[in-house]
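Chains as they are written, first to last, in UniProt numbering: chain A, 1 to 261; chain B, 1 to 261.
I have placed the structure first, in the form of structure tokens, so that the comments after it can refer back to it.
2 protein chains.
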Amino acid sequence: MARTGDPARAVTAPALSTLDFALDRSSPVPLYYQLAQQLESAIEHGVLAPGNLLGNEVDLSVRLGLSRPTVRQAIQSLVDKGLLVRRRGVGTQVVHSQVKRPLELSSLYDDLEAAGQGPTTRVVRNEGVPAQADVAAALGVAEGGEVTVLERLRLTHGQPVALLCNYLPAGLLDLDGARLESTGLYRMMRASGITLHSARQTVGARAATGEEAARLDEKEGAALLTMQRTAYDDTGRPVEYGTHVYRASRYAFDFQLLVRG
Amino acid sequence: MARTGDPARAVTAPALSTLDFALDRSSPVPLYYQLAQQLESAIEHGVLAPGNLLGNEVDLSVRLGLSRPTVRQAIQSLVDKGLLVRRRGVGTQVVHSQVKRPLELSSLYDDLEAAGQGPTTRVVRNEGVPAQADVAAALGVAEGGEVTVLERLRLTHGQPVALLCNYLPAGLLDLDGARLESTGLYRMMRASGITLHSARQTVGARAATGEEAARLDEKEGAALLTMQRTAYDDTGRPVEYGTHVYRASRYAFDFQLLVRG
DNA sequence: AAGTGGTCTAGACCACGAG
DNA sequence: TCGTGGTCTAGACCACTTT
Numbered sequence: 001m002a003r004t005g006d007p008a009r010a011v012t013a014p015a016l017s018t019l020d021f022a023l024d025r026s027s028p029v030p031l032y033y034q035l036a037q038q039l040e041s042a043i044e045h046g047v048l049a050p051g052n053l054l055g056n057e058v059d060l061s062v063r064l065g066l067s068r069p070t071v072r073q074a075i076q077s078l079v080d081k082g083l084l085v086r087r088r089g090v091g092t093q094v095v096h097s098q099v100k101r102p103l104e105l106s107s108l109y110d111d112l113e114a115a116g117q118g119p120t121t122r123v124v125r126n127e128g129v130p131a132q133a134d135v136a137a138a139l140g141v142a143e144g145g146e147v148t149v150l151e152r153l154r155l156t157h158g159q160p161v162a163l164l165c166n167y168l169p170a171g172l173l174d175l176d177g178a179r180l181e182s183t184g185l186y187r188m189m190r191a192s193g194i195t196l197h198s199a200r201q202t203v204g205a206r207a208a209t210g211e212e213a214a215r216l217d218e219k220e221g222a223a224l225l226t227m228q229r230t231a232y233d234d235t236g237r238p239v240e241y242g243t244h245v246y247r248a249s250r251y252a253f254d255f256q257l258l259v260r261g
Numbered sequence: 001m002a003r004t005g006d007p008a009r010a011v012t013a014p015a016l017s018t019l020d021f022a023l024d025r026s027s028p029v030p031l032y033y034q035l036a037q038q039l040e041s042a043i044e045h046g047v048l049a050p051g052n053l054l055g056n057e058v059d060l061s062v063r064l065g066l067s068r069p070t071v072r073q074a075i076q077s078l079v080d081k082g083l084l085v086r087r088r089g090v091g092t093q094v095v096h097s098q099v100k101r102p103l104e105l106s107s108l109y110d111d112l113e114a115a116g117q118g119p120t121t122r123v124v125r126n127e128g129v130p131a132q133a134d135v136a137a138a139l140g141v142a143e144g145g146e147v148t149v150l151e152r153l154r155l156t157h158g159q160p161v162a163l164l165c166n167y168l169p170a171g172l173l174d175l176d177g178a179r180l181e182s183t184g185l186y187r188m189m190r191a192s193g194i195t196l197h198s199a200r201q202t203v204g205a206r207a208a209t210g211e212e213a214a215r216l217d218e219k220e221g222a223a224l225l226t227m228q229r230t231a232y233d234d235t236g237r238p239v240e241y242g243t244h245v246y247r248a249s250r251y252a253f254d255f256q257l258l259v260r261g
């Protein structure tokens, strides 16, 4: 299956002309967004194959009955996602395979969004405490001020995978234990109108202490993966600070980086 | 230093009206980009403080002698970077402190862009070899086809930090050993006209083998941080596949995630 | 009611890359 | 030379938030 050279045969997608984009002008969903979604779906389903040209923007806008800026906005959003490439004098083409789903920041979502079927969560601790120095600094509150501490043990298939310790500003959220075990922290935040925007993470490794080993069913000294994270909402306010420890034998971070042009 | 509530006093930046944005219409640099840079600089230097309103887009465009879409494009780019927040009916304001520099994908750049003063690199191996199965799959070449293998030892302050093993498609690059040690892989790629676009990474941990321990000046069984990465250029073509091992006692990944709206 | 950003239009000219 | 995307304009109407 040699796929070495193959100089990106630039064929205009034959299906594109017959592809019917259903644009609903009465819908509250923006036109550029409708178009972007349908293009993305066409790429995902292989209707638009890697290397296919999209046809120039002017023609496309005429055929769709949209203005060129609107079509550009749709295309641009897919370029940002890494699905399309624009080249002056050439055209817009579907990116050369690979790298399908950018994984939606999996490490962040996996951790905050419990749910699913395999993974379960046991809430070990959930109470208000005075903030230690590092917590206070991360959450932007006074040292000794009240914060909520949340300790959870995460398991998959009955086996422990991670120890999660999170701190939240006091009163940010109603942390019902039962819902936490079934719903996950991230969904509870979202349901409370908190929009996550960015997070700063540090990922490292170290040997397990005796207590960690006992809780995670590892031997003392086993390699653990550690992660510290501070998450911010869309106003830049810190909403979560956490220290997580993972069994390296059962867990790894898997994520996609996009280089900003 | 309690900075708890402080309900984001929405004050229009007093300095904004006197801020002189120097827009050069004869410059090849796009106007929206010039504006974005100057806004970013103003935010960075504290001229625009967190929470400050930017003033509405229409006024701003009139005052700058630009059209509204152009001003919007500048603002949007800073919103994407997480420096500004837009709210309907409210306005655009500087994000509420924290999270200044998104670190420019440091883990990727740190690794590829050697240079600097502290870190040095020793090239241990640099030759063409037949691709093993995992390498072939990652780089999209035939199994057994020729690829370039590159093994490097990275040191800071004379101490070993990491073992880097990278595979590149054969003939992609002129890998001059001397330049590799001083310049770094990433810069050499960029100089060859290769534009990095995205990368897929897996970060984990494990205990050091005897050989790794010897090379990294650790004890056998010490916790190591591991990373596998496949990097792609802007056409989606894989340009690098690597397996890296770091001394956990001296290295951690530090990066910023932006949640895509 | 007033003000804000969100979307959309119908043009225009330019710079770059391919042939 | 010609076609492509890159940039820019000067409007318009709408939805949402605050007062």
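Ideal Cβ positions, reconstructed from N, Cα and C, are used throughout, including at glycine.
Everything numeric in this text was worked out from a predicted model, so none of it was measured.
- Contact annotation: A/Y186 and A/A131 have beta-carbon atoms that are not nearer than 9 Å.
- Under the Cβ distance rule, B/H96 counts among the residues neighbouring chain A, one pair being separated by less than 9 Å.
- If you draw a straight line from the Cα of A/Q256 to the Cα of B/P238, it is about 14 Å long.
- In this structure, the alpha-carbon of B/M189 lies about 49 Å from that of A/V124.
- The closest CA to that of A/E57, considering only A/S67, A/C165, A/D254, is found on A/S67.
- Shown in chain order are the members of the region 198–225 of chain B whose Cβ falls below 8 Å from a Cβ of chain A: S198, A199, R200, Q201, T202, V203, G204, A205, R206, A207, G221, A222, A223, L224, L225.
- Residues of the region 242–257 of chain B that bring their beta carbon within less than 7 Å of a beta carbon in chain A comprise A248, A252, F253, D254, F255, Q256, L257, in sequence order.
- Per DSSP, reduced to three states, the secondary structure at A/V79 is helical.
- Unbroken alpha helix (DSSP H) runs of no fewer than 4 residues, entirely contained in the region 18–63 of chain A, are found at 31–44, following chain order.
- Look at the beta carbons and you see the region 235–249 of chain A touching the region 136–144 of chain A: at least three pairs across the two are nearer than 8 Å.
- For A/G210, the enclosing alpha helix (DSSP H) covers residues 210–216.
- Along the region 73–96 of chain B, the positions whose C-beta sits under 7 Å from a C-beta of chain A are G82, V85, V95, H96, read in chain order.
- Chain B places no beta carbon closer than 9 Å to that of A/P30, leaving this residue out of the contacts.
- At a cut-off of 9 Å, the C-beta of A/R237 has a neighbouring C-beta in chain B.
- Look at A/E220 here: in three-state DSSP terms it is coil, with no helix or strand label.
- Nearest to A/V90 by alpha-carbon distance, out of A/D59, A/V71, A/L53, A/L64, is A/L53.
- Within the region 135–203 of chain B, the runs of beta strand (DSSP E) at least 3 residues long that lie entirely inside it are, in chain order, 146–156, 159–169.
- Here B/Q34 is near B/S27, since their CB atoms are less than 9 Å apart.
- Under the 9 Å criterion on CB atoms, A/D234 is classed as interfacial with respect to chain B.
- Under the Cβ criterion (8 Å, minimum of three pairs), the region 247–254 of chain B counts as touching the region 193–208 of chain A.
- Just so you know, the alpha carbons of A/E127 and A/P30 end up roughly 43 Å apart.
- Think of a sphere of 9 Å around the beta carbon of A/P119: no beta carbon from chain B falls inside it, the nearest being about 18 Å out.
- In the DSSP assignment, the residues bridged to B/T121 are B/R154.
- B/S41 and A/L83 have their C-alpha atoms spaced approximately 31 Å apart.
- Short of 8 Å from the beta carbon of B/L64, and not among the five residues preceding or following it, lie these beta carbons of its own chain, in chain order: F21, L23, L35, V71.
- Going by DSSP, A/Y246 is part of the beta strand (DSSP E) stretching over 238–247.
- Beta-bridge annotation (DSSP): A/T230 is paired with A/R200, A/Y241.
- Contact annotation: in the region 148–171 of chain B, no residue has its CB less than 7 Å from a CB in chain A.
- If you draw a straight line from the Cα of A/D176 to the Cα of A/G184, it is about 11 Å long.
- At a cut-off of 9 Å between C-beta atoms, A/P130 does not count as an interface residue with respect to chain B.
- For B/Q256, the enclosing beta strand (DSSP E) starts and ends at 253–258.
- In this structure, A/L153 keeps its C-beta atom at 9 Å or more from the C-beta atom of A/R179.
- Taking one beta carbon from each stretch, the region 156–174 of chain A and the region 211–225 of chain B have fewer than 3 pairs nearer than 8 Å; the two do not touch.
- Following the DSSP letters along the chain, one finds B/R86 inside the beta strand (DSSP E) bounded by residues 84–87.
- DSSP places A/V94 within a strand segment (E or B) once states are collapsed to three.
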